[in-house]
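Right, one structure below, let's go through it.
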Ligand code: DGT
Ligand code: CA
Ligand code: CA
Ligand code: ZN
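This is how it looks when you write it as structure tokens:
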């Protein structure tokens, strides 16, 4: 059960994110006042919630809406509104407003005026004295922020792959002009597309290692050089991320790339296979006695062991060696295979763009079909749709489908699975939709049996097409529900339903292991962006990476199908 101080912190976090989003000041103040009131309470919130004679609304600073949320929080440990907000704002921006001396308002101004996305941008802007020139900032604020950044550096979680990728892109751009570099590759968990990354591993072929290391030292985001040898260097960036650089000879590049791509488990297994053949494998090459039989390319390294080249995403010693042995190493799905996007929101609920703007954005990205899936009425804080408003939206979609001939818009809805079980909208309404995404947003802390039953029952509903973010986890921030995934897989397979791989880098839900299991059950996966604004459509690539790690091929992913095939395979005949 959350303590008063936990509850107050959560309300403050809601206020922070709302303030960052420039929400209505009265709304923000309501959460701040609520946080203060809860912090000041002389007894636990639960005592008041459990006492039938008393109401939370009796407390000064707690209105009806807040009282409801706090009751849910006390009874279930959940604050669904905060979960939604956390999924809307990139983690790097939340880190930004956490920097001591900054806060949401200033963070929003820096984001808006200077395009600052993360701690690294922030440090750069401070050091270039760009921050002091902004209205409402000054040299003193700038210095305070720099001190705050030093504090934040100690944080040290694994970062989202999406964040690692931002650093990699910047670093690539910085290193590319360095003439000493002949080849450059990022290895490690980043290359394997793992959902989180601890540090970055860079491999370089160069004649003059010193020139390369000098160049890395000049990368603007570098805070400290933590180690430097003849061919090895480690640096720490302003946001605390470590980068390991190794310079290797061209004839060993493949072996080194293989070794430092990992995973360690994959490498260990490979070493075992080499040993069986009387070979030795290390970061310099594959060896027969002291003669190198391979090393320049990864293909050579694997070929020396009679193995095919493994896509890095598969190198976890989970299924890749068995697949290779059976000659069934799959051709993995690619971003270019995607033709549709089956989960997105508009300003009718908690999205930022209009229906037409979302359609235009999807067209601009070359999508052939999309499903508009706004929230249902249970999600009051997102202004969820009731039957009347949903039918209104369907009419609007019919109208727009007349207008465009290069994209088809499916009439969809993201319908909540109620806490007590059952769907938030009546079956006659759901039957009018082409595509029904069923979601758990409330009652996430229910016992395993109860929450599993809700999801399994939803899959049995003939109107439900797919389960969205089936485990509800938020990477680094919230555990999955205690759901029996095997039971969910059995139900999905039995009823011919799909499961979602939500591509939001904070969700990536189902994860790689679960997607691979779903595939074994023959369940088609829908990789969906769950976009809440037009730019949200671009997260598809993170979902693709996770799908590749699961060994999914184009045919395993429902939204690679042509509209015609998609309709034939996954929609009711009348849709
Ligand atoms: P991370 O950084 O925790 O997200 O994950 P990785 O996989 O990037 O791990 P890292 O940076 O410690 O090492 C990079 C690669 O180097 C790793 O994937 C495999 C290889 N490696 C590191 N230590 C060992 C080891 O003790 N044995 C073997 N066989 N390989 C290792
Ligand atoms: Ca690493
Ligand atoms: Ca490393
Ligand atoms: Zn959604």
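Residue numbers (the working numbering): 1 to 575. Just so it is clear, CB atoms sit at the ideal spot from N, CA and C, and this is done for glycine as well. Quick caveat: nothing in here was measured; it's all calculated off a predicted structure.
Under the rule that 16 or more other beta-carbon atoms within 10 Å means buried, what is residue i, buried or exposed?
| i | result |
| --- | --- |
| residue 77 | exposed |
| residue 268 | exposed |
| residue 513 | exposed |
| residue 22 | exposed |
| residue 392 | exposed |
| residue 566 | buried |
| residue 208 | exposed |
| residue 221 | buried |
| residue 507 | buried |
| residue 177 | exposed |
| residue 229 | exposed |
| residue 462 | exposed |
| residue 473 | buried |
| residue 224 | exposed |
| residue 310 | buried |
| residue 471 | buried |
| residue 579 | The structure shown does not extend to residue 579, since the chain spans only 1 to 575, so no value can be given for it. |
| residue 88 | buried |
Between the options, which lies nearest to residue i when the distance is taken from Cα to Cα?
| i | options | result |
| --- | --- | --- |
| residue 547 | 245, 478, 335 and 444 | 335 |
| residue 263 | 229, 214, 211 and 193 | 193 |
| residue 4 | 201, 43, 452 and 204 | 43 |
| residue 312 | 266, 392 and 414 | 266 |
| residue 215 | 233, 113 and 557 | 233 |
| residue 491 | 457, 507 and 568 | 457 |
| residue 251 | 227, 213 and 298 | 298 |
| residue 249 | 278, 291, 258 and 295 | 295 |
| residue 316 | 41, 270, 122 and 134 | 270 |
| residue 247 | 254, 288, 229 and 205 | 205 |
| residue 18 | 493, 421, 108 and 54 | 108 |
| residue 589 | 191, 362 and 416 | Because the chain is modelled from 1 through 575, residue 589 falls outside the range shown and cannot be assessed. |
| residue 518 | 538, 556 and 142 | 556 |
| residue 378 | 423, 365 and 354 | 423 |
| residue 445 | 421, 480 and 425 | 480 |
| residue 532 | 362, 218, 66 and 210 | 362 |
| residue 620 | 372, 333, 364 and 365 | Residue 620 falls outside the range modelled here, since the chain spans only 1 to 575, and no answer is possible. |
Enumerate in chain order the residues of its own chain whose CB-to-CB distance from residue i is below 8 Å, with the five nearest sequence positions on each side excluded.
| i | result |
| --- | --- |
| residue 49 | 56, 70, 71, 74 and 75 |
| residue 155 | Since pLDDT at residue 155 reaches only 49, below the 50 mark, its modelled position is unreliable, and the value read off the structure follows with that caveat. If we look at residue 155 and ignore the five residues flanking it on each side, its Cβ neighbours are 95 and 240. |
Quick one, are the C-beta atoms of residue i and residue j less than 9 Å apart?
| i | j | result |
| --- | --- | --- |
| residue 148 | residue 101 | yes |
| residue 551 | residue 320 | yes |
| residue 116 | residue 85 | no |
| residue 63 | residue 34 | yes |
| residue 465 | residue 438 | yes |
| residue 212 | residue 238 | no |
| residue 510 | residue 501 | yes |
| residue 122 | residue 187 | no |
| residue 388 | residue 418 | no |
| residue 530 | residue 522 | no |
| residue 594 | residue 408 | Outside the shown range of the chain (1 to 575) lies residue 594, about which nothing can therefore be said. |
| residue 429 | residue 459 | no |
| residue 303 | residue 279 | no |
| residue 526 | residue 329 | no |
| residue 307 | residue 349 | no |
| residue 339 | residue 569 | no |
| residue 482 | residue 447 | yes |
| residue 203 | residue 185 | yes |
| residue 442 | residue 80 | yes |
| residue 114 | residue 99 | no |
| residue 261 | residue 191 | yes |
| residue 367 | residue 400 | no |
| residue 357 | residue 534 | yes |
| residue 503 | residue 528 | yes |
Skipping 5 residues on each side, what residues in its chain have a beta carbon closer than 7 Å to that of residue i?
| i | result |
| --- | --- |
| residue 162 | 505 and 542 |
| residue 13 | 82 |
| residue 277 | 305 |
Please list, in chain order, all residues of the same chain as residue i whose beta carbon is under 6 Å from its beta carbon, the five residues on each side excluded.
| i | result |
| --- | --- |
| residue 337 | 554 and 560 |
| residue 158 | 196 and 198 |
| residue 301 | 254, 255, 258, 286 and 294 |
| residue 411 | 394, 397, 433 and 434 |
| residue 15 | 28, 31 and 32 |
Less than 8 Å between the CB of residue i and some heavy atom of ligand 6, yes or no?
| i | result |
| --- | --- |
| residue 240 | Ligand 6 is not part of the structure shown, which contains ligand 1, ligand 2, ligand 3 and ligand 4 as its ligands. |
### Task
Write down every uninterrupted run of the alpha helix (DSSP H) in the stretch 348-389 whose length is 4 residues or greater and which is fully enclosed by it, in chain order.
Note on the stretch 348-389: whole alpha helix (DSSP H) runs with a minimum of 4 residues are 355-364, in chain order.
### Message
Threshold first: 4 residues or longer. Then list the alpha helix (DSSP H) segments lying entirely within the stretch 398-459, N to C.
### Response
427-430, all fully within the stretch 398-459.
### Continuous alpha helix (DSSP H) assignments of at least 4 residues falling wholly in the stretch 470-508
The stretch 470-508 contains these whole alpha helix (DSSP H) runs: 485-495.
### Task
Counting only runs of 4+ residues fully inside the stretch 119-188, write out the alpha helix (DSSP H) ranges in chain order.
The qualifying runs are 119-127, 139-153 and 161-175.
### Message
Suppose only complete runs of 4+ residues qualify. What are the alpha helix (DSSP H) ranges in the stretch 259-285, listed by chain order?
### Response
As far as the stretch 259-285 is concerned, its whole alpha helix (DSSP H) runs of at least 4 residues are 264-276.
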